[in-house]
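Participant:
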Amino acid sequence: MDLLEQQLKALADKNRLTLLACMKNGEVCVCDFVEVLGISQPAVSQQLRKLKEAGIILERKNGTWKYYRIAEQLSPVVEAVINELEADDGCRCGGSTCSS
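Each residue of the sequence shown is one higher than the one before, counting from 2 in this note's numbering.
1. Consult DSSP for ILE57 and reduce its assignment to one of helix, strand or coil.
2. Tell me the residue span of the beta strand (DSSP E) that contains LYS1.
3. Beta-carbon within less than 6 Å of LYS67's beta-carbon, same chain only, minus the 5 sequence neighbours each way: which residues are those?
4. Determine which residues share a DSSP beta bridge with LYS62 and list them.
5. With DSSP as the reference, label CYS23 as helix, strand or coil.
6. Is the number of C-beta pairs between the segment 70-82 and the segment 30-49 that are closer than 8 Å three or more?
7. Grouping DSSP H, G and I as helix and E and B as strand, with all else coil, what is CYS92?
8. Does ALA13 pass the burial test, meaning 16 or more other C-beta atoms within 10 Å, or should it be called exposed?
9. Quickly, what does DSSP pair CYS32 with across the bridge? List them, please.
10. May I ask you to report which of helix, strand or coil DSSP gives ILE83?
Here it is in structure tokens:
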């Protein structure tokens, strides 16, 4: 599968678009995505993995938590899709599932 096809498939999911909207304002802890999407942590991890494998997001580990952000270098097509998303300000570390 070529990269653009992989990226478009990664963007063709409501949950993944919600995750990207959360990351528009910067890095987000994985714990916050669980609350935002209302799905299990393993299900969130699956969604993040698809975005990461497509090169759309980057991951950073700090202790037991992982933090995700949108990659700096994106194709114009992916950038255009992300630019159309409204930033979600409700994604901030400190929810009940996050102890950092």
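Idealized CB from N, CA, C, for every residue including glycine.
Facilitator: In this structure, then:
1. Coil.
2. This structure leaves residue 1 out entirely; the chain is present only between 2 and 101.
3. Taking C-beta separations shorter than 6 Å and ignoring five residues to either side along the sequence, the partners of LYS67 in its chain run VAL31 and GLU60, following chain order.
4. Answer by DSSP bridge pairing, in chain order: LYS67.
5. In the structure shown, CYS23 sits in a helix (DSSP, three-state: H, G or I).
6. At 8 Å Cβ cutoff, the stretches do not touch.
7. Three-state result, CYS92: coil.
8. Exposed.
9. Its beta-bridge partners do not exist; DSSP assigns none.
10. Helix, per DSSP.
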